[in-house]
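Have a look at the structure below before the remarks.
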Amino acid sequence: MVSSADTISSKNVPNGTAKHKRIINVTHMIPYTPVLENSAQISQNPSNSHHWVLKPRRGHSALYSGLNSLSSTWNNHYVGYIGTILDSEEKAIEFSDFSEEFKHTIQARLKKENIYPVFLENAEHHGHYDGYCKYVLWPLFHYILWDTATDGRVEKTSWDQYVKVNKRFTDKIVEIYKPGDLVWIHDYHLLLVPEMLREILPDAAIGLFIHAPFPSSEIFR
Numbered sequence: 003m004v005s006s007a008d009t010i011s012s013k014n015v016p017n018g019t020a021k022h023k024r025i026i027n028v029t030h031m032i033p034y035t036p037v038l039e040n041s042a043q044i045s046q047n048p049s050n051s052h053h054w055v056l057k058p059r060r061g062h063s064a065l066y067s068g069l070n071s072l073s074s075t076w077n078n079h080y081v082g083y084i085g086t087i088l089d090s091e092e093k094a095i096e097f098s099d100f101s102e103e104f105k106h107t108i109q110a111r112l113k114k115e116n117i118y119p120v121f122l123e124n125a126e127h128h129g130h131y132d133g134y135c136k137y138v139l140w141p142l143f144h145y146i147l148w149d150t151a152t153d154g155r156v157e158k159t160s161w162d163q164y165v166k167v168n169k170r171f172t173d174k175i176v177e178i179y180k181p182g183d184l185v186w187i188h189d190y191h192l193l194l195v196p197e198m199l200r201e202i203l204p205d206a207a208i209g210l211f212i213h214a215p216f217p218s219s220e221i222f223r
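In this note's numbering, the protein residues as written are 3 to 223.
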């Protein structure tokens, strides 16, 4: 992973070196699950006094470990969906309880770790991840075809959410991007981001890594 990033950098990063340059790692989810320790009055009056604990996210430790290994030569930054936020009893906090001030306290804590979260409505996340990613893209990348026909309405709805979520990720990247950054986008959850980003940042160094074999066209014959 280090050698791959360095190879890209030699052509796109000023002076042909990756040392101390910024890399924006764009993954479906951020590396940590935020836990609000003092969560008794979440929706009433969230403030900067809230104490956040960041717990390593389960299930993707190999990915995040690999990205963290770049820290010796890169200034690592992360963009990703914030995922489930837990209260002090490790119960999920409903998105409806997220005031703008509440989001600000989370963002301020994550920024200390160079992490920039993307907030999604429940419907957006469901349509993007459970809908298009897992029902359409995941089967294709694993050579699995559907055995039932549909009228396409569900797929159209989930596609619309897929596009919308990819745009949200793109907007977040643009928000933190600085000239000379390398933007490294990961996996099939974010396939539209490179093109969306290129339209806004035509000179940016953009990489896309898909963590699954790309399917052959033979699957559709």
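No residue lacks a Cβ here, since even glycine has one placed at the ideal position from N, Cα and C.
Report yes or no: do three or more beta-carbon pairs, one from the stretch 107-119 and one from the stretch 139-149, lie closer than 8 angstroms? no
If we count the other Cβ atoms within 10 Å of its Cβ and call it buried at 16 or more, is residue 151 buried or exposed? In the sequence shown, counting from the first residue as 1, residue 151 sits at position 149. Looking at its Cβ environment, which holds fewer than 16 other Cβ atoms inside 10 Å, residue 151 is exposed.
Helix, strand or coil at residue 54 according to DSSP, with G and I counted as helix: Numbered from 1 along the sequence shown, position 52 holds the residue referred to as residue 54. Note: residue 54 maps to strand in three-state DSSP.
Return the first residue and the last residue of the alpha helix (DSSP H) that residue 77 is part of. In the sequence shown, counting from the first residue as 1, residue 77 sits at position 75. Run containing residue 77: none in the alpha helix (DSSP H); it sits in the beta strand (DSSP E), 76-83.
Across which residues does DSSP place residue 111 in a beta bridge pair? For the purposes of this step, residue 111 is taken as the residue at position 109 of the sequence shown. Bridge partners of residue 111: none, in fact.
Buried or exposed: which applies to residue 206, given that a residue is buried once 16 or more other Cβ atoms fall within 10 Å of its Cβ? By one-based count along the sequence shown, residue 206 stands at place 204. Buried: at least 16 other Cβ atoms inside 10 Å.
Going by CA-CA distance only, name the one from 146, 209, 203 that's closest to residue 221. One-based indexing of the sequence shown puts residue 221 at position 219. Selected option, being the one with the closest Cα: 146.
Taking one C-beta from the stretch 164-171 and one from the stretch 186-194 each time, how about it: are there three or more such pairs within less than 8 angstroms? yes
Looking at the strands, I want to know which residues DSSP matches up with residue 37. By 1-based counting over the sequence shown, the position of residue 37 is 35. Bridge partners of residue 37: 55, 88.
Which residue from 71, 39, 218, 187 puts its Cα closest to that of residue 91? Residue numbering aside, residue 91 sits at position 89 when the sequence shown is read from its first letter. Checking every option, the nearest Cα to that of residue 91 belongs to 39.
Below 8 angstroms between beta carbons: does that hold for residue 36 and residue 65? Numbered from 1 along the sequence shown, position 34 holds the residue referred to as residue 36. Numbered from 1 along the sequence shown, position 63 holds the residue referred to as residue 65. Going by C-beta atoms, residue 36 is not nearer than 8 angstroms to residue 65.
Can you tell me whether DSSP reads residue 172 as helix, strand or coil? Locating residue 172 in the sequence shown gives position 170, counting from the first residue. If DSSP states are grouped into helix, strand and coil, residue 172 belongs with the helices.
If contacts are defined as beta-carbon pairs under 8 angstroms, then residue 76 and residue 25 qualify, I think. What distance do you get, rounded to the angstrom? Taking the first residue of the sequence shown as position 1, residue 76 is located at position 74. Taking the first residue of the sequence shown as position 1, residue 25 is located at position 23. Confirmed, Cβ separation roughly 4 angstroms.
Check residue 163 in the structure and name its three-state DSSP category. Along the sequence shown, one-based indexing puts residue 163 at 161. If DSSP states are grouped into helix, strand and coil, residue 163 belongs with the helices.
Do you know whose CA, among 82, 100, 78, lies nearest residue 247's CA? The chain is shown only over 3 to 223; residue 247 falls outside these bounds and no answer can be derived.
Residue 204 to residue 126 span [Cα, whole Å]: Looking up residue 204 in the sequence shown gives position 202. Looking up residue 126 in the sequence shown gives position 124. Near 28 angstroms, if we compare the C-alpha coordinates of residue 126 and residue 204.
By a C-beta neighbour count over all protein chains shown, 10 Å radius and 16 as the cutoff for buried, is residue 171 buried or exposed? For this step, residue 171 is matched to residue 169 along the sequence shown. So residue 171 ends up on the buried side.
Closest Cα partner of residue 86 within the set 110, 124, 138, 133: Along the sequence shown, one-based indexing puts residue 86 at 84. For the residues 110, 124, 138, 133, the minimum Cα distance to residue 86 belongs to 124.
If we ignore side chains and look at the alpha-carbon of each, how far apart do residue 214 and residue 189 end up? Position 212 of the sequence shown, counted from the start, is the residue given in the question as residue 214. Position 187 of the sequence shown, counted from the start, is the residue given in the question as residue 189. Those two C-alpha atoms are separated by around 8 angstroms.
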